[in-house]
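Using our numbering, read the sequence shown as starting at 222 and increasing by one per residue.
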Amino acid sequence: MADAHNQVPGSAQSDIVYGLFQCRGDLRTSDCRDCVAHAVSRLGIICPESTGGAIQLDGCFVKYDSASFLGVEDKTEVFKKCGSSIAYNSDILTRRDAVLAYMASGNGQYFRVSGSGSVQGVAQCVQDLSLSECQDCLTEASARLKSDCGATAWGDMFLGKCYVRYSERGFHSRSDDDDGDVDKTLAIIIGIIAGVAVIIVFLSMLSRLCDRKGGK
């Protein structure tokens with residue numbers, strides 16, 4: 222199961238900041254820690270004076286805001302990318318459709334992986350959603366991905382609280398047409414406020430996560 226944590230620091234209403242981080246479901250604890258630390262560092266650069274921000278890396282997601290977003294559905298499209306066309310290859314498209322159908326099925330998991338022949342897929346929801354809300358989000362993301370990307374070798378669809386990805390050659394073989402965005406970074410910048418305290422909060426959360434898991 223993915224590491225998912227949220228926290229509401231601050232002593233007064235005006236000081237409240239809502240924060241959440243979550244790692245991809247197959248990441249080891251050490252890789253999760255490193256990914257979140259990197260994401261927090263990137264947020265400090267991308268959103269240096271903001272009341273809220275979100276960043277999605279390949280292995281983790283970090284978000285903070287002065288307004289509560291915890292437990293709130295969000296199916297807004299924040300990032301989409303489609304690979305090169307494979308024309309009409311019925312075998313690959315059939316396998317792609319099977320992978321997307323599985324990831325959109327109600328299997329009761331927040332993190333889902335699927336494969337059919339050379340086609341692989343991965344999907345995940347932010348775990349502040351209920352399972353039914355997660356299901357709605359993944360169903361929507363899968364449908365949009367299939368419709369918008371059509372007959373392509375790979376595709377990514379990131380909504381506000383979930384994502385679905387597939388690749389015909391595997392996710393480590395996409396560098397030829399990935400435009401150099403190695404980190405798969407997304408950022409949403411909202412408002413203006415000093416962000417240094419938020420970075421400290423997330424690093425503190427990471428420290429406690431490591432302390433708890435290291436003590437097991």
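C-beta: ideal position from N, C-alpha, C; glycine also. This structure is a prediction, so every number in the text was calculated from the model and none was measured.
(request) Could you spell out where the beta strand (DSSP E) holding residue 276 opens and where it closes? (result) Position 55 of the sequence shown holds residue 276. The continuous beta strand (DSSP E) containing residue 276 extends over residues 273–277.
(message) Tell me the DSSP secondary structure of residue 249 in three-state form.
(response) The residue you call residue 249 lines up with position 28 of the sequence shown. In this structure, residue 249 counts as coil in the three-state DSSP scheme.
(message) Please classify residue 335 as buried or exposed, where buried requires at least 16 neighbouring CB atoms within 10 angstroms.
(response) As a working mapping, residue 335 is identified with position 114 in the sequence shown. When all chains shown are included, residue 335 counts as buried.
(message) Looking only at its chain, what residues have a beta carbon closer than 6 Å to the beta carbon of residue 276, apart from the 5 residues adjacent to it on each side?
(response) The residue labelled residue 276 in the question sits at position 55 within the sequence shown. The answer, listed in chain order, is 260, 263, 264, 283, 408.
(message) Starting from residue 388, trace the beta strand (DSSP E) in both directions and tell me its first and last residue.
(response) In the sequence shown, the residue the question calls residue 388 occupies position 167. Unbroken beta strand (DSSP E) run through residue 388: 383–388.
(request) Grab the span of the alpha helix (DSSP H) containing residue 296 for me, first residue to last. (result) The count along the sequence shown starts at 1 and reaches residue 296 at position 75. Note, residue 296: premise wrong, no alpha helix (DSSP H); not H, not E.
(request) Return the residue from the list 347, 274, 240 that minimises the CA-CA distance to residue 332. (result) By one-based count along the sequence shown, residue 332 stands at place 111. Comparing alpha-carbon positions, the option among 347, 274, 240 lying closest to residue 332 turns out to be 347.
(message) Quick check on residue 268: does DSSP put it in helix, strand or coil?
(response) Reading the sequence shown from its first residue, position 47 is the one you call residue 268. Coil, per DSSP.
(request) Label residue 293 either buried or exposed according to how many other C-beta atoms from any shown protein chain fall within 10 Å of its C-beta, with 16 as the threshold for buried. (result) Position 72 of the sequence shown, counted from the start, is the residue given in the question as residue 293. When all chains shown are included, residue 293 counts as exposed.
(message) Using only the alpha-carbon positions, how far apart do residue 299 and residue 382 sit?
(response) Position 78 of the sequence shown holds residue 299. Position 161 of the sequence shown holds residue 382. Taking the CA atoms as reference points, residue 299 sits about 10 Å from residue 382.
(message) Would residue 343 and residue 390 be called neighbours here (beta carbons separated by less than 9 Å)?
(response) Translated into positions along the sequence shown, residue 343 becomes position 122. Translated into positions along the sequence shown, residue 390 becomes position 169. No.
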